[in-house]
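A.B. asks: Below you will find the structure I want to go over with you.
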């Protein structure tokens, strides 16, 4: 996935919830 494609998709993904456990998975690698 190119940086330009990621810039379009990233805002559509849900953000991590505050106060929760930090994400251990990189969403870009999952979408790719």
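In this note's numbering, the protein residues as written are 230 to 261. Ideal placement from N, C-alpha and C gives every residue a C-beta, glycine not left out. Here the structure is a predicted model, which means the values were calculated and not measured.
#1: To the nearest angstrom, how far is the alpha carbon of residue 231 from that of residue 248?
#2: So, residue 184 versus residue 235, is the Cβ gap smaller than 7 Å?
#3: Who are the Cβ neighbours of residue 233 in its own chain at under 7 Å, not counting the five residues just before and after it?
#4: Please return the same chain residues whose Cβ sits closer than 7 Å to the Cβ of residue 244, not counting the five positions on each side in sequence.
C.D. replies: Inspection of the coordinates gives the following:
#1: 31 Å
#2: The shown model of the chain, from 230 to 261, leaves out residue 184, and the question about it has no answer.
#3: none
#4: none
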